[in-house]
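Here the protein sequences come in this chain order: A and B.
Taken in order, the first sequence gives residues 23 to 423; the numbers are from the numbering used here.
Taken in order, the second sequence gives residues 671 to 1032; the numbers are from the numbering used here.
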Amino acid sequence: MNIMKSTFASLLVGGVALASTAAFAGDIRVGITMRMVSENGQKYGQMMMDEIKAINDSGGINGNMIKATLMNDECKSDKGVANANKLIFQEKVHMLIGSTCSSVSLPIVDVTAKAGVAQLIPHSTNAKITQKGSEWVFRVPVSGRYYGGVNAKYVGDNIGKKIAYICAADAASVNDCAAMQGQIKKQFGAEPAYIANVQEKEVDFRSHMQKIKSMNVDGIMVAALAETMARALMQSYEAGIGADVRRIGSSSASNAPVPRIAGDAVKGVFFTAAYAAADQRPIAKLFNAMVKEKYGIHAPDHDFSQAYDLVRIMEQALKSTDLGLDSASLKADRTAIRDAIAGVKNYEGLASGPISFCAAPTPQCRDGNRTAVLIGYTKGGENFETEVLARVTMPIEFGLE
Amino acid sequence: MNVFVLIIEKIVAFGETLARKHRLLPWVLAYIALLPLPYILASLFSEYLINLANRACLFILLAVGLNIVKGFCGQVTVGHIGLYAIGAVTSAILALEPGSFGDTWGFGLSVWVAIPIAVLVTALAGVIVGLPSVRLEGAYLALATLGLGESVRIMIAVTPQLGSSTGLMMIPPPTIGSFVFESFTSYYYLVMTTAVIGIYFSFSILRSATGRAFQAIREDTIAASVNGINVVKYKLLAFVLSAVYAGLAGALFAHMPPGYLHHNNFTIIEMVTLLLMVVLGGIGNVWGGVIGAIVVTIAYDQTKDLVFYFMDRPIIIQPIVFGLSMVLLVLFMPRGIGGWIEGFQRNRRFIKQSEERLDGTA
């Protein structure tokens, strides 16, 4: 009997201890779930936490501290959903930030919609995320539907219409590839010269490159995650395809591992992104210097800039709300935060263009940034360099027809 | 630890007493005891733990199913996660409305029709996965099943009609009339009931003539064959029964809100995690599989965000901990928790009997 009693007492004490992990009243609880498996992922995750700490150190939001919980979803949808559920139902967060990967953000949209928690998306570009009709989701990055249009216009006008495609199987790359093909066809009436659908972590592209070489194409689009893209770019030169055939990257071409791994093979590659490290604005220069000093990153990509912008947008929205911050006001607080984010208009930070949201649960209202910047690599390796080729703002309805 | 074993012993003894009155009585009582769990978890801890319990129930089904082919029949399979994927994707596309999202297939069937069909399809796939076992054993069979399992994932990843890279979304939850199984609690009753029935049937299989044939094959295939056991038939049957569990778990996973599937849910990492559950619990031990599934699900949830910095570079601890656990378990506790408890019980029984004998002599 004593055994049973002591076991029950231990369980009860453990339960109370666990229950007490739910944050205290008075804090604004923010949950973050992102892909933290890469070194870059760890660093921009840390940057977000540092920026939130800086807000707290300078007095918080209207006197209230932000209590952020950062979780790793490994870019896996089941883990992302589990994280979102944990943050919403256990940590009782007021708002959720996440995720990096589109395939994770997509199901989390349903979780936040059902629970009634505002979701700010830092990186995912898949157009379907905001097409689900959730009134709780807001996207900081540029949607894939805009990227495709910008890339296609530049390629068709400046390079040619005979394009070969290497499309990896991750959600963002598939989306980027399909958007580009669709827009080239729509704007210029040209069909793809060659399409290779490859695995997310494919390592051997040589047979595809040999076929592409024999086709005399004007350009090759490589839509893949960073390491895969770098390998494909290198192998395109190994196959003997000259520099006169332009290489077009998907949005992940902005990730630092691409120039670092691909080296000289990255020279001449261009892509669309939401931030250019070559941006000459003072805010961008300060940001670049800060990231280099604190996180050792030579030139931050748009994953860093979007994470930074997201914290600023969150700060701006939270400052404009009057939150109760106790358990009774949780639902009302979550709604107030959603409405405050929907009220953000023309936020100008590091992003390629102003970010605005509005109340309707439509892509027009929830894809905040419509401006993509075309970036070209001028030098590869550790100390890579880029240049801004163009900055294009797309019509709000673009890609929805 | 002794306290833990004593509690288990008391529960087992109580269960045996009840079973003497009626075979199903301990199961009914266990089921009733599990009914208030969501309310206890939500009031003492948080609603999230109900979600964790739901996932644990799905893993219990998977682990118990894997135990049939691996533990009872001794066949080394590493492709079980592929069967789980087949069950999940089949049920999802059968239940999705036609043209509901992009290129994905949809047949608009009721979830209650989709799940049994998915289980049947997975059982057929089980025959295919099991076919190499007729000619192969050990590491060769492991390699063959690994290839089949991974092929399933790759096929999903490259087929737009099966969700491809975007995944299958908006998979409907089960409904009864106007009642929708969409909350953590309502889904708990669905998966918990299935898990309890699954465990019960696993014991039934183990104690039946089929179970004894499985064990005979596990101990010595040639001896089993000489004794009149149709080895090919029983090996395939083990794979099929195991696939039924995997298909059911997969289908329930697909319809669990938010109703989303992605090929990344079925990688080799998930397979290794599943193997860890079975090895930790104890290969061939039904309760071991259950304990392993619960322990690993909780441990996974609690450790997945632990990071340490080595030379200023972040290192995620979990894969290292899980990998090391697997190696240490195989080295020092090859029969897992279930085997360890059995050994402890055996020793206690021996000591007790010896004491009684000594008392009688005195």
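Just so you know, even glycine gets a beta-carbon here, dropped at the ideal spot from N, CA and C.
The structure displayed is predicted, hence computed values, not measured ones.
If you follow the beta strand (DSSP E) that residue i is in, where does it begin and where does it stop?
i                 : result
Thr-880 (chain B) : Looking at the DSSP string, Thr-880 (chain B) is not in any beta strand (DSSP E); the run it does join, the alpha helix (DSSP H), is 879-889.
Cys-430 (chain A) : Any answer about residue 430 (chain A) is impossible in this case: the structure gives chain A only from 23 up to 423.
Gln-141 (chain A) : 140-143
Val-759 (chain B) : Not the beta strand (DSSP E): Val-759 (chain B) falls in the alpha helix (DSSP H), residues 750-765.
Leu-118 (chain A) : 117-120
Lys-89 (chain A)  : 88-94
Which same chain residues end up closer than 7 Å to residue i when comparing Cβ atoms and leaving out the 5 residues on each side of it in sequence?
i                 : result
Gln-341 (chain A) : Note on residue identity: the sequence assigns Lys, not Gln, to residue 341 (chain A). The answer, listed in chain order, is Ile-83 and Asn-84.
Gly-372 (chain A) : Residue 372 (chain A) is actually Leu in this sequence, not Gly. Counting only Cβ-Cβ distances below 7 Å, and skipping sequence neighbours, we find Tyr-297, Ile-305, Ala-306, Phe-309, Ser-327, Tyr-330 and Asp-331.
Asp-192 (chain A) : Glu-222 and Leu-247
Leu-946 (chain B) : Val-966, Phe-992, Ser-995 and Met-996
Met-941 (chain B) : Val-748, His-750, Ile-751 and Gly-819
Ala-381 (chain A) : Ala-364 and Cys-387
From this set, the options, which residue's C-alpha is nearest residue i's C-alpha?
i                  : options                                        : result
Ala-424 (chain A)  : A:Ala-381, A:Ser-274, A:Ser-236 and A:Leu-255  : Any property of residue 424 (chain A) remains undetermined from this structure, which presents chain A solely from 23 to 423.
Ile-1011 (chain B) : B:Leu-945, B:Ile-961 and B:Gln-988             : B:Ile-961
Ile-363 (chain A)  : A:Gln-338, A:Ser-349 and A:Pro-383             : A:Gln-338
Pro-989 (chain B)  : B:Arg-1019, B:Thr-967, B:Thr-943 and B:Val-948 : B:Thr-943
Phe-742 (chain B)  : B:Val-965, B:Ala-963, B:Glu-686 and B:Ala-879  : B:Ala-879
Asp-100 (chain A)  : B:Asp-1029, B:Ala-865, B:Phe-923 and B:Ala-894 : B:Phe-923
Gly-959 (chain B)  : B:Trp-782, B:Gly-685, B:Leu-688 and B:Leu-731  : B:Leu-731
Gly-375 (chain A)  : A:Gly-211, A:Tyr-168 and A:Asn-180             : A:Tyr-168
Arg-303 (chain A)  : A:Leu-128, A:Ala-275, A:Gly-166 and A:Val-410  : A:Val-410
Ile-263 (chain A)  : A:Val-280, A:Ser-273, A:Asn-277 and A:Ile-242  : A:Ile-242
Ala-245 (chain A)  : A:Thr-400, A:Arg-269 and A:Ile-377             : A:Arg-269
Ser-124 (chain A)  : B:Leu-998, B:Leu-950 and B:Tyr-930             : B:Tyr-930
Arg-161 (chain A)  : A:Thr-122, A:Ala-174 and A:Val-133             : A:Thr-122
For residue i and residue j, what's the separation of their Cα atoms in angstroms?
i                  : j                 : result
Gln-885 (chain B)  : Leu-818 (chain B) : 25 Å
Pro-844 (chain B)  : Lys-65 (chain A)  : 41 Å
Phe-674 (chain B)  : Gly-81 (chain A)  : 49 Å
Glu-370 (chain A)  : Asp-301 (chain A) : 14 Å
Met-251 (chain A)  : Ile-397 (chain A) : 16 Å
Val-131 (chain A)  : Gln-153 (chain A) : 10 Å
Gly-766 (chain B)  : Ala-186 (chain A) : Correcting the residue identity first, residue 766 (chain B) is Leu in this sequence and not Gly. The straight-line gap from Cα to Cα measures roughly 34 Å.
Gly-752 (chain B)  : Arg-413 (chain A) : 45 Å
Glu-889 (chain B)  : Val-956 (chain B) : 18 Å
Phe-871 (chain B)  : Gln-68 (chain A)  : 49 Å
Asp-113 (chain A)  : Arg-51 (chain A)  : According to the sequence as given, residue 113 (chain A) is Glu; it is not Asp. Between Glu-113 (chain A) and Arg-51 (chain A), the C-alpha separation is close to 8 Å.
Ala-44 (chain A)   : Asp-344 (chain A) : Here the model assigns Ala-44 (chain A) a pLDDT of 45, short of 50, so the residue's position is not dependable, and the following value carries that caveat. Taking the straight line joining both Cα atoms gives about 22 Å.
Ser-42 (chain A)   : Leu-714 (chain B) : Residue placement at Ser-42 (chain A) is poorly supported in this model, since its pLDDT is 44, which falls under 50; the coordinates still yield a value, given next. So the two alpha carbons sit approximately 10 Å from each other.
Gln-141 (chain A)  : Val-159 (chain A) : 5 Å
Met-416 (chain A)  : Asn-368 (chain A) : 15 Å
Gly-171 (chain A)  : Arg-57 (chain A)  : 27 Å
Glu-1026 (chain B) : Ile-677 (chain B) : 23 Å
Ile-800 (chain B)  : Val-746 (chain B) : Looking at the sequence itself, residue 800 (chain B) is Gly, so the reference to Ile does not match. Looking at the two C-alpha atoms, the distance is approximately 10 Å.
Ser-236 (chain A)  : Thr-55 (chain A)  : 45 Å
Arg-334 (chain A)  : Met-312 (chain A) : 16 Å
Ser-195 (chain A)  : Thr-836 (chain B) : 10 Å
Thr-91 (chain A)   : Gly-63 (chain A)  : 15 Å
Ala-703 (chain B)  : Ala-394 (chain A) : 58 Å
Val-781 (chain B)  : Ile-756 (chain B) : 16 Å
Phe-873 (chain B)  : Tyr-701 (chain B) : 16 Å
Phe-406 (chain A)  : Gly-182 (chain A) : 27 Å
Pro-322 (chain A)  : Phe-379 (chain A) : 25 Å
Phe-980 (chain B)  : Tyr-317 (chain A) : 15 Å
Gly-138 (chain A)  : Gly-53 (chain A)  : 14 Å
Within the same chain, show all residues whose beta-carbon is closer than 8 Å to that of residue i, passing over the 5 residues directly before and after it, in chain order.
i                 : result
Asp-49 (chain A)  : Asn-86, Met-87, Ile-88, Lys-89 and Leu-347
Tyr-857 (chain B) : Asn-724, Pro-843, Phe-851, Met-926 and Pro-927
Val-59 (chain A)  : Asn-94, Glu-96 and Cys-97
Asn-260 (chain A) : Note on residue identity: the sequence assigns Glu, not Asn, to residue 260 (chain A). These residues qualify, in order along the chain: Arg-228 and Met-231.
So, at 6 Å on beta carbons, what are the nonlocal neighbours of residue i in its own chain, with the 5 sequence-adjacent residues on each side left out?
i                  : result
Gln-386 (chain A)  : Ile-418
Ala-218 (chain A)  : Ile-188 and His-230
Ile-986 (chain B)  : Val-977
Lys-184 (chain A)  : Ala-215, Val-239 and Asp-240
Phe-1014 (chain B) : Val-675
Ala-784 (chain B)  : Ser-761, Leu-764 and Ala-765
Ile-875 (chain B)  : Gly-881
Taking residue i as part of the alpha helix (DSSP H), name the residues at either end of that continuous run.
i                 : result
Leu-944 (chain B) : 938-951
Arg-823 (chain B) : 808-828
Thr-343 (chain A) : Run containing Thr-343 (chain A): none; DSSP gives neither H nor E here.
If you pair each beta-carbon of the stretch 779-798 of chain B with each one of the stretch 914-921 of chain B, do three or more pairs fall below 8 Å? yes
Counting pairs of Cβ atoms below 8 Å between the stretch 108-127 of chain A and the stretch 703-720 of chain B, do you hit three or more? yes
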